[in-house]
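One structure is given below, encoded as structure tokens.
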Amino acid sequence: MDQSQFWQAAGQFENQPQQQWQKNSSLSESLEDTLQRFLKNSTSVPPFERPRKAIDEAYYRQYCGGEDAAQPVPPRHARRERGPAQSRTFADAHEAEPFQMRDMYMSLIGAQLQSIHRGQVATAEMIVGMYDNPPAHSIDGGCS
774 MDQSQFWQAA GQFENQPQQQ WQKNSSLSES LEDTLQRFLK NSTSVPPFER PRKAIDEAYY
834 RQYCGGEDAA QPVPPRHARR ERGPAQSRTF ADAHEAEPFQ MRDMYMSLIG AQLQSIHRGQ
894 VATAEMIVGM YDNPPAHSID GGCS
């Protein structure tokens, strides 16, 4: 159903006196059905847009939950061991608390920012050094 059909149905409903459409239940039911179909169609995925990923329940509980927001959410699927090379310590090392993960991430970002800053300082010092010691050349512009 497109918008023109919706407005046509709404116009039929609007043109009748109030007492008449209140008594005529079939008209209000048809308008209600029309509205339901219109709303169902208008909330679908717009053309040329990929379908959006639904918000995962675990993500919602982890980041939007109230009291249990700090508690890690268990994975949906059980872990499978690939071979005897994997040990329990390997799995424990990769299961960090959310706050530890945040701290590690912030530490990495801080190290990257410091590295960028050091590079900018070195570049600025090089440019200043070039202009502090101008190249030697004769003032008269000729060859001696």
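Its first residue numbered 774, the sequence shown is counted upward by one per residue in my numbering.
Glycine included, each C-beta is placed from N, C-alpha and C at the ideal position.
Quick caveat: nothing in here was measured; it's all calculated off a predicted structure.
Alpha helix (DSSP H) containing Glu898: first to last residue? Segment 871 to 905, the alpha helix (DSSP H) holding Glu898.
Using the Cβ count rule (16 or more neighbours within 10 Å means buried), how would you classify Met899? That one is exposed.
Count the other C-beta atoms from every protein chain shown that fall within 10 angstroms of the C-beta of Ala782, then say buried if there are 16 or more, exposed otherwise. With 16 or more other CB atoms across the displayed protein chains lying within 10 angstroms of its CB, Ala782 is buried.
Please report the distance separating the alpha-carbon of Lys813 from that of Met879. Rounded to whole angstroms, Lys813 to Met879 spans 44 Å at the Cα level.
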